[in-house]
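Position one of the sequence shown corresponds to residue 1394 (this note's numbering), numbered consecutively onward. Structure, as C-alpha coordinates:
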Amino acid sequence: MKKFHIKVNGKEYEVEVEEIGGSLAPVTQVSTPTAAKAAPVTPSVAPATSQETKAAAPAPAAAAAPEGAEVITAPMPGKIMSIKVQVGQQVNAGDLILYLEAMKMENEIFCGRSGTVKEIRVSEGTAVNPGDALVVIA
(Lines of atoms letter the chains of each structure in order from A and count residues from 1; the text may use other names and numbers.)
(Lines give C-alpha, C1' and ligand atoms only; values in the text may rest on other atoms or scores of the structure.)
Protein backbone atom coordinates (compact mmCIF):
# COMPACT_ATOMS: atom_id res chain seq x y z
CA MET A 1 0.00 0.00 0.00
CA LYS A 2 1.44 3.40 -1.00
CA LYS A 3 0.36 6.73 0.46
CA PHE A 4 0.21 9.90 -1.62
CA HIS A 5 -0.65 13.49 -0.73
CA ILE A 6 -2.58 15.28 -3.47
CA LYS A 7 -3.98 18.79 -3.71
CA VAL A 8 -7.32 19.35 -5.46
CA ASN A 9 -8.86 22.83 -5.67
CA GLY A 10 -6.72 24.04 -2.78
CA LYS A 11 -7.61 21.13 -0.46
CA GLU A 12 -5.04 18.51 0.41
CA TYR A 13 -5.93 14.83 0.63
CA GLU A 14 -4.05 11.73 1.74
CA VAL A 15 -4.72 8.81 -0.61
CA GLU A 16 -3.71 5.17 -0.15
CA VAL A 17 -3.22 3.12 -3.31
CA GLU A 18 -2.88 -0.64 -3.36
CA GLU A 19 -1.39 -2.38 -6.39
CA ILE A 20 -3.38 -5.39 -7.51
CA GLY A 21 -2.53 -7.76 -10.32
CA GLY A 22 -4.60 -6.68 -13.30
CA SER A 23 -8.08 -6.87 -11.79
CA LEU A 24 -10.26 -3.97 -10.69
CA ALA A 25 -10.91 -3.25 -7.03
CA PRO A 26 -13.42 -0.85 -5.47
CA VAL A 27 -12.28 2.23 -3.55
CA THR A 28 -12.67 1.48 0.13
CA GLN A 29 -12.74 4.95 1.71
CA VAL A 30 -11.93 8.57 0.93
CA SER A 31 -9.93 10.25 3.68
CA THR A 32 -10.51 13.74 5.02
CA PRO A 33 -8.24 16.61 3.94
CA THR A 34 -4.91 16.80 5.77
CA ALA A 35 -2.09 19.28 5.62
CA ALA A 36 0.78 18.06 3.48
CA LYS A 37 4.12 19.70 2.81
CA ALA A 38 4.95 19.87 -0.89
CA ALA A 39 8.32 18.52 -1.92
CA PRO A 40 10.37 21.10 -3.84
CA VAL A 41 10.58 20.61 -7.58
CA THR A 42 14.12 20.59 -8.88
CA PRO A 43 14.17 22.72 -12.03
CA SER A 44 16.29 21.58 -14.93
CA VAL A 45 18.90 23.65 -16.73
CA ALA A 46 17.93 24.73 -20.24
CA PRO A 47 19.71 22.59 -22.86
CA ALA A 48 22.17 24.21 -25.23
CA THR A 49 20.50 25.00 -28.54
CA SER A 50 21.91 24.32 -31.98
CA GLN A 51 21.30 26.54 -35.03
CA GLU A 52 18.52 24.21 -36.21
CA THR A 53 16.56 24.24 -32.96
CA LYS A 54 17.23 27.92 -32.23
CA ALA A 55 15.02 29.01 -35.13
CA ALA A 56 12.14 26.82 -33.92
CA ALA A 57 12.51 27.60 -30.21
CA PRO A 58 10.35 30.29 -28.59
CA ALA A 59 12.07 33.57 -27.74
CA PRO A 60 12.31 33.02 -23.93
CA ALA A 61 14.35 29.82 -24.34
CA ALA A 62 16.67 31.27 -27.00
CA ALA A 63 18.43 33.88 -24.83
CA ALA A 64 21.52 32.61 -23.00
CA ALA A 65 21.92 33.01 -19.24
CA PRO A 66 24.92 34.74 -17.65
CA GLU A 67 27.81 32.43 -16.74
CA GLY A 68 27.28 30.73 -13.37
CA ALA A 69 23.55 31.43 -13.38
CA GLU A 70 20.73 28.91 -13.15
CA VAL A 71 17.91 29.07 -15.67
CA ILE A 72 14.64 27.74 -14.27
CA THR A 73 12.76 26.15 -17.16
CA ALA A 74 9.20 25.00 -17.70
CA PRO A 75 8.90 21.28 -16.86
CA MET A 76 5.71 20.93 -18.94
CA PRO A 77 3.54 22.94 -21.32
CA GLY A 78 1.17 25.36 -19.64
CA LYS A 79 0.30 28.95 -18.81
CA ILE A 80 2.01 31.20 -16.24
CA MET A 81 -0.64 32.01 -13.62
CA SER A 82 1.28 33.99 -10.99
CA ILE A 83 4.89 35.12 -10.54
CA LYS A 84 5.95 35.28 -6.87
CA VAL A 85 9.40 36.93 -7.25
CA GLN A 86 10.81 40.19 -8.63
CA VAL A 87 14.07 41.07 -10.37
CA GLY A 88 16.72 41.75 -7.71
CA GLN A 89 14.97 39.69 -5.03
CA GLN A 90 17.10 37.33 -2.92
CA VAL A 91 15.79 33.74 -3.01
CA ASN A 92 16.77 30.53 -1.25
CA ALA A 93 16.79 26.98 -2.58
CA GLY A 94 13.24 25.66 -2.36
CA ASP A 95 11.52 29.08 -2.51
CA LEU A 96 8.35 29.33 -4.59
CA ILE A 97 9.07 31.14 -7.87
CA LEU A 98 5.79 30.94 -9.79
CA TYR A 99 2.62 28.99 -10.53
CA LEU A 100 2.30 27.19 -13.86
CA GLU A 101 -1.16 25.97 -14.86
CA ALA A 102 -1.14 22.74 -16.83
CA MET A 103 -4.22 20.61 -17.52
CA LYS A 104 -6.33 22.76 -15.16
CA MET A 105 -3.92 22.20 -12.24
CA GLU A 106 -1.68 24.85 -10.69
CA ASN A 107 1.88 23.55 -10.39
CA GLU A 108 4.34 25.23 -8.04
CA ILE A 109 7.76 25.93 -9.57
CA PHE A 110 10.52 26.21 -6.96
CA CYS A 111 14.04 27.63 -6.98
CA GLY A 112 16.80 25.01 -7.14
CA ARG A 113 19.51 27.19 -5.55
CA SER A 114 19.99 30.31 -3.49
CA GLY A 115 20.82 33.56 -5.25
CA THR A 116 19.38 36.73 -6.74
CA VAL A 117 16.66 36.89 -9.40
CA LYS A 118 18.48 38.38 -12.42
CA GLU A 119 15.78 38.01 -15.08
CA ILE A 120 12.13 37.05 -15.35
CA ARG A 121 11.63 35.90 -18.93
CA VAL A 122 7.85 35.38 -18.80
CA SER A 123 4.82 37.32 -17.63
CA GLU A 124 1.50 36.25 -16.18
CA GLY A 125 -0.67 34.72 -18.90
CA THR A 126 2.30 33.60 -21.03
CA ALA A 127 1.94 30.17 -22.65
CA VAL A 128 5.11 28.08 -22.26
CA ASN A 129 6.45 24.79 -23.58
CA PRO A 130 8.76 22.29 -21.84
CA GLY A 131 12.27 23.71 -21.63
CA ASP A 132 11.25 27.37 -22.05
CA ALA A 133 13.27 29.69 -19.80
CA LEU A 134 11.17 31.18 -17.00
CA VAL A 135 13.53 32.84 -14.49
CA VAL A 136 17.32 33.32 -14.21
CA ILE A 137 18.92 33.03 -10.75
CA ALA A 138 22.56 34.07 -10.23
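Backbone N, C-alpha and C fix where the C-beta goes; we use that ideal spot for every residue, glycine too. These numbers were taken from a predicted model, which means no experiment stands behind them.
Given a threshold of 16 other Cβ atoms within 10 Å of its Cβ, counted over all protein chains shown, does residue i qualify as buried or as exposed?
i            : result
residue 1399 : exposed
residue 1505 : buried
residue 1397 : exposed
residue 1521 : buried
residue 1484 : buried
residue 1401 : exposed
Kindly identify the DSSP beta-bridge partner or partners of residue i.
i            : result
residue 1475 : 1492
residue 1466 : 1526
residue 1509 : 1483
residue 1405 : 1400
residue 1410 : 1395
residue 1515 : In DSSP, residue 1515 forms no bridge with anything.
Do residue j and residue i come within 8 Å of each other at the CB atom, strictly closer than that value?
i            : j            : result
residue 1488 : residue 1503 : yes
residue 1530 : residue 1473 : no
residue 1511 : residue 1467 : no
residue 1495 : residue 1518 : no
residue 1514 : residue 1527 : yes
What span of residues does the beta strand (DSSP E) with residue i cover, start to end?
i            : result
residue 1529 : 1526-1530
residue 1395 : 1395-1401
residue 1500 : 1498-1503
Across the region 1404-1414 and the region 1467-1481, are there enough close Cβ pairs to call them in contact, namely three or more that are closer than 8 Å?
Touching, no, given that fewer than three Cβ pairs across the two stretches are closer than 8 Å.
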